[in-house]
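Chains as they are written, first to last, in my numbering: chain A, 71 to 390; chain B, 88 to 525; chain C, 54 to 354. All remarks here apply to the structure that follows.
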Ligand code: SF4
Ligand code: SF4
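Below, the structure is given as structure tokens:
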């Protein structure tokens with residue numbers, strides 16, 4: 071059944087009016103990634119497994135997939151490690167609202183990284199408008215990895231938990247799917263796996279652990295995890311590196327260093343200088359994500375809607 | 088061997104109820120068949136839900152709970168409410184309460200079974216249900232609820248059974264009917280060798296009384312814990328201090344309405360006018376009036392405060408309930424038929440006839456269900472951050488046929504239970520009339 | 054069959070006397086040159102053209118790390134290609150010496166660390182280096198070459214009257230290198246944090262004041278890096294040291310706290326929970342026990 075749903079998804083992508091490029095990318099996303107990158111020998115065994123990529127001249131070239139970037143390369147860690155976290159770390163994120171133009175590169179990078187179908191977003195970009203006369207602005211929203219997480223409080227089976235490094239993760243082999251955490255999170259962060267999603271067949275052999283969040287399991291809850299498997303290897307989360315405007319800063323609060331990939335700054339200074347704040351402070355959830363106010367924006371918020379499809383624009387009609 | 092002796096009154100009751108115990112007609116079979124069909128349909132829906140996943144329901148990432156949870160809180164609330172009523176009537180030996188206690192306990196028992204089934208339906212992974220015990224986290228209101236509900240279920244089962252032992256003994260000993268042998272064996276086993284000795288009477292009486300006594304705090308606790316499933320979240324419309332009390336009152340009112348309904352049907356079907364008298368309906372009607380009135384007051388108090396003040400998130404939910412473009416019709420109609428109309432009608436002495444009260448009860452039963460739905464769904468559809476989703480099913484919850492089928496199956500289970508019960512034992516407790524002189 | 058030939062052509066071209074202008078032309082033309090070759094040989098059309106950039110990092114203790122980034126343009130973006138073998142060699146006018154091979158990592162970088170003594174120097178004392186990816190069925194070949202002049206930085210930490218200063222000295226072939234920008238960093242989990250920059254004086258020395266409020270590890274240790282970045286002659290030159298100049302990180306208590314959000318519940322909650330269950334279930338037991346007794350008593354009488 072999963073096999074056919076996967077094919078179905080591919081067909082859908084192919085048929086979609088999105089053109090050859092997306093089809094090629096779609097295949098790359100869905101068939102590349104593979105085996106969680108434990109070792110190359112595994113990939114070598116499947117030597118015949120090739121994928122088509124688009125050359126700059128517009129030709130489709132077949133390439134052995136072991137030679138393309140593994141989307142989710144992970145280290146093997148123990149169950150204990152996945153529950154306690156990276157020793158001595160306290161992850162923190164700062165999102166510069168002034169820089170967000172709703173380019174949505176973070177969203178797609180996250181989806182690609184976690185094998186999410188196109189309509190499932192762990193990271194969303196909302197259009198916000200604080201009051202009648204104020205200007206709307208784009209608001210990228212990850213999980214806030216709250217220090218007083220209401221979602222974790224209510225979990226009956228310890229499936230979602232807070233680690234010592236500050237991350238709130240979900241063990242989707244433990245989650246019973248009661249959705250209580252979804253009602254408890256005031257930031258609509260969590261999403262449910264309502265039905266089988268087209269996880270590539272070879273992804274299913276990947277040993278699930280709370281750090282990678284994949285493969286997703288039907289009937290359980292998922293959410294943004296701050297890519298701790300990448301952090302373990304010293305690599306920034308994909309949303310951070312994907313943002314063309316450098317709106318996401320990520321780092322370790324214990325070191326007091328955050329970086330958006332190109333600029334590396336002290337967390338405390340950044341927050342102090344730009345009047346950083348946490349969303350929904352009055353709820354007492356103590357988020358680990360800070361926002362820098364949308365002053366001196368690069369573009370007005372409407373700008374990024376111009377190229378969007380009609381139905382997307384309709385969503386925001388009454389905001390302008 | 089000593090057997091339970093019946094006096095004239097008791098024999099009369101047994102004679103009245105006898106035909107139901109012995110045989111069933113074609114219409115009866117048709118009705119049971121219809122109910123079974125509904126349950127089967129629900130079973131098919133459930134099968135699809137398990138096989139395909141929760142996509143077959145109307146629940147999505149914002150309204151993660153829907154009909155199932157509404158039904159769950161409805162039935163379990165009814166169960167708590169009727170259990171409390173039965174316990175109080177029993178404990179204080181309310182003279183007119185005797186024939187009602189049994190029906191009340193039976194409503195509590197069956198709703199207590201149906202309710203939890205619906206919370207299970209809402210769970211994504213049936214295969215991991217045992218995690219609730221082996222990985223239990225004491226901080227979670229769900230853990231509290233799992234413990235409280237299972238504890239309560241044992242309690243209400245024992246209590247209901249205690250109320251029935253003497254009658255099982257009567258059925259075992261009577262020579263009035265020709266029961267098939269399996270039924271004789273069943274009565275024999277269920278009667279626990281009760282012989283009607285004063286010693287045994289005292290023992291049963293004492294046990295029942297202590298069960299009734301502990302039932303009240305237990306039910307209050309259970310009510311509280313259940314309302315905390317909602318109250319412990321940061322959702323407007325849920326996290327309010329009146330949520331619990333309001334829920335308790337609404338549930339007891341619904342329970343009473345259901346008891347009135349069952350009483351009315353039994354009275355009509357089995358001609359029990361002599362036992363379920365007009366005054367029973369009058370008293371129950373007055374209790375209903377008081378409870379519905381209190382619920383009306385709580386409702387007003389809850390929504391007028393959030394309407395008058397202006398907390399943004401909270402008023403968004405209230406506005407949805409009041410606006411006729413959203414849930415206004417459902418909300419106002421439910422309040423009119425479930426609160427205002429019953430109060431006005433029952434307040435007029437002339438209207439306190441069994442049929443009118445039963446009809447009002449029916450309105451209350453439906454209206455309270457709507458109100459349950461309106462506490463669950465609008466709050467979920469109103470998150471703090473704007474939804475901004477192009478998929479309409481993610482913005483508005485609409486139940487699918489699977490959910491309808493299962494909700495109907497739940498109702499059918501309730502009906503089938505009350506259809507089958509008079510076949511197994513007498514709904515009017517014969518043993519209660521043992522001291523009755525002719 | 055054809056490919057070795059084409060590689061030979063490229064290589065023999067490189068073996069001609071090195072003239073800077075020609076080299077530049079080669080580097081610029083490498084990409085299009087490959088395309089030309091691909092057009093000549095139809096069976097190579099299926100290959101994806103690659104591009105290589107070679108760089109070197111000179112570290113302390115005479116070590117040098119060669120880094121070759123192999124990329125291809127996929128979906129209009131240059132993407133690093135993992136799992137490809139790159140050969141490094143040291144090449145002078147007269148000799149060529151293989152240094153070793155390395156496979157590209159996830160980001161498409163193959164790196165090789167070795168002692169500078171293994172490298173061949175040209176007449177000026179610099180190291181001419183090349184890296185070559187030979188190409189395979191899918192990817193076209195590519196190469197790059199650089200010439201690195203040996204250099205080293207020595208880093209010293211000094212504290213005087215609670216003013217902390219970092220002093221770095223840049224030397225090349227035994228002589229100080231003046232007028233060069235050096236950057237000072239503290240190592241971070243993902244990226245290093247720049248704490249200062251300074252230009253070397255005629256003694257090759259540059260110094261910066263070190264901030265006092267940086268958090269360190271539990272021992273207060275910080276990893277300090279000084280770097281000359283991507284210099285035309287020297288490549289990247291760096292030195293690092295560990296210094297206990299940070300504010301010690303308060304170590305977290307080992308066990309998880311008893312909180313609503315932690316795995317272990319607050320004690321009062323746990324006790325209340327258990328007490329309530331015990332009371333109610335105890336009561337049930339009593340009632341059920343009595344029912345059994347009822348049955349037994351009846352049997353006896
Ligand atoms: S944002 Fe929501 S899901 Fe994330 S930690 Fe906070 S409450 Fe939990
Ligand atoms: S849905 Fe899963 S993670 Fe969320 S509260 Fe229930 S068991 Fe815990």
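Backbone N, C-alpha and C fix where the C-beta goes; we use that ideal spot for every residue, glycine too.
Look at residue 130 of chain C: its C-beta is not under 8 Å from any C-beta on chain A. Going down the chain, each residue whose beta-carbon is closer than 7 Å to a heavy atom of ligand 1 shows up: A/213, A/214, A/215, A/216, A/219, A/220, A/221, A/222, A/238, A/251, A/254, A/255, A/256, A/257, A/259, A/260, A/293, A/355, A/357. Rounded to the nearest whole angstrom, the C-alpha separation of residue 258 of chain A and residue 189 of chain A is 16 Å. Note that the C-beta distance between residue 281 of chain A and residue 299 of chain A is below 8 Å. Cβ proximity to chain C below 8 Å picks out 298, 301, 305, 308 from the stretch 298 to 320 of chain B.
With a threshold of 8 Å between beta carbons, residue 152 of chain A makes no contact with chain B.
Here residue 104 of chain B is not near residue 281 of chain B, since their CB atoms are 8 Å or more apart. Per DSSP, reduced to three states, the secondary structure at residue 248 of chain C is strand.
Along the stretch 297 to 308 of chain A, going in chain order, the ones with a CB nearer than 9 Å to a CB of chain C are 301, 303, 304, 305, 306.
Counting of Cβ neighbours within 10 angstroms places residue 92 of chain B among the exposed residues, the total staying below 16. Residues of the same chain with a CB within less than 7 Å of the CB of residue 235 of chain A, apart from the 5 flanking positions on each side, are 155, 156, 159, 160, 161 in chain order. When A/182, A/231, A/208, A/239 are compared, the shortest CA-CA separation from residue 363 of chain A is found for A/208. Look at residue 196 of chain A here: in three-state DSSP terms it is strand. With contacts defined by Cβ atoms closer than 8 Å, residue 173 of chain B and residue 191 of chain B form a contacting pair.
Ligand 2 has no heavy atom closer than 7 Å to the beta-carbon of residue 243 of chain A. In the three-state reduction of the DSSP assignment, residue 152 of chain B falls in the coil class.
Contact between residue 122 of chain B and residue 493 of chain B is absent: CB atoms are separated by about 14 Å, not below the 8 Å threshold.
For residue 229 of chain A, the shortest C-beta to heavy atom distance toward ligand 2 is below 7 Å. If you check each beta-carbon in the stretch 240 to 251 of chain A against every beta-carbon of chain B, the ones closer than 8 Å belong to 244, 245, 246, 247, 248, 249, 250. Under the Cβ criterion of 8 Å, residue 158 of chain A is not counted among the residues facing chain B. In this structure, residue 193 of chain B sits away from residue 184 of chain B, with a CB-CB distance that is not shorter than 8 Å. Of the other Cβ atoms in all chains shown, fewer than 16 fall within 10 Å of the Cβ of residue 387 of chain B; this residue is therefore exposed. Against chain C, the beta carbon of residue 107 of chain B has no neighbour under 7 Å; the closest one sits roughly 28 Å away. Annotation for residue 422 of chain B: the continuous alpha helix (DSSP H) segment containing it runs 415 to 422.
Listed along the chain, the chain B residues whose CB falls inside 8 Å of the CB of residue 348 of chain C are 279, 280. Counting C-beta pairs closer than 8 Å gives fewer than three between the stretch 327 to 337 of chain A and the stretch 347 to 359 of chain A, which falls short of the contact rule. Note that the C-beta distance between residue 342 of chain B and residue 314 of chain B is not below 8 Å. Within its own chain, the residues whose Cβ lies closer than 6 Å to the Cβ of residue 424 of chain B, once the five positions on either side in sequence are excluded, are 450, 454, listed in chain order. By the neighbour-count criterion, in which a residue is buried when 16 or more other Cβ atoms sit within 10 angstroms of its Cβ, residue 513 of chain B is buried. By the rule that beta-carbons nearer than 8 Å mark a contact, residue 318 of chain C touches chain B. DSSP, read as helix, strand or coil, puts residue 264 of chain A in coil. Taken atom to atom, the span from the alpha-carbon of residue 276 of chain C to that of residue 119 of chain C is near 22 Å. Within a 10 Å sphere around the beta-carbon of residue 158 of chain C sit fewer than 16 other beta-carbons, which makes this residue exposed. Taking a beta-carbon distance threshold of 8 Å, residue 302 of chain C counts as an interface residue toward chain A. Between the alpha carbons of residue 242 of chain B and residue 318 of chain C lies a gap of roughly 27 Å. In the DSSP assignment, the residues bridged to residue 168 of chain C are C/116.
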